[in-house]
């Protein structure tokens with residue numbers, strides 16, 4: 001499998017012993033039902049190994065649904081504390097931390113692929129992540145003097 005290309009998890013066989021291991025869109029992967037939680041199962045017709053479509057992602061092997069995981073990660077991005085997420089969503093702080101660690105692993109992989117394959121600088125990547133974090137909204141930075149808590153301008 002080419003290490004410098006991002007592909008969907010369900011477009012190649014994950015079995016390292018398979019002759020078709022890592023061959024992207026080779027035609028050997030077919031749908032093979034769903035798990036009890038509704039995740040698509042896939043099967044390699046070459047080696048007959050079965051895997052799920054979210055293997056290799058932050059959602060793989062998680063007991064919470066992807067929507068809930070993304071909501072919690074968005075809450076962290078909006079500067080909510082882990083304790084407040086626990087109070088609001090009822091999900092343990094340790095669980096959210098494990099999701100953050102896994103998500104950070106994927107960010108590092110994506111950044112390394114982008115740096116290796118495109119003429120980008122670290123500053124450009126930081127700007128991209130800032131853009132993603134603001135969902136594309138332009139941030140208006142006011143040039144007015146900072147106001148004191150009483151409403152008066154600071155000297």
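Residue numbers (UniProt numbering): 1 to 155. Backbone N, C-alpha and C define an ideal beta-carbon position, used for all residues, glycine too.
In or out: residue i buried (at least 16 other Cβ within 10 Å) or exposed?
i	result
residue 53	buried
residue 29	buried
residue 58	buried
To the nearest angstrom, how far is it from the Cα of residue i to the Cα of residue j?
i	j	result
residue 142	residue 78	In this predicted model, residue 142 has a pLDDT of only 48, less than 50, meaning its place in the structure is not dependable enough to derive any value.
residue 27	residue 105	29 angstroms
residue 39	residue 31	11 angstroms
residue 51	residue 123	38 angstroms
residue 61	residue 114	27 angstroms
residue 82	residue 93	5 angstroms
residue 75	residue 107	18 angstroms
residue 33	residue 43	9 angstroms
residue 156	residue 48	Outside the shown range of the chain, which is 1 to 155, sits residue 156, and nothing can be said about it.
residue 36	residue 16	26 angstroms
residue 14	residue 22	7 angstroms
residue 66	residue 116	29 angstroms
residue 85	residue 111	28 angstroms
residue 12	residue 121	31 angstroms
residue 24	residue 87	43 angstroms
residue 101	residue 118	26 angstroms
Nearest CA to the CA of residue i: which residue from the options?
i	options	result
residue 64	99, 24 and 83	99
residue 95	70, 112 and 107	70
residue 9	41, 34, 36 and 107	41
residue 20	46, 37, 111 and 86	46
residue 56	103, 86 and 112	103
residue 91	17, 49, 72 and 127	72
residue 89	97, 111 and 68	68
DSSP three-state call for residue i: helix, strand or coil?
i	result
residue 47	coil
residue 120	coil
residue 31	strand
residue 41	strand
residue 72	helix
residue 96	helix
residue 107	helix
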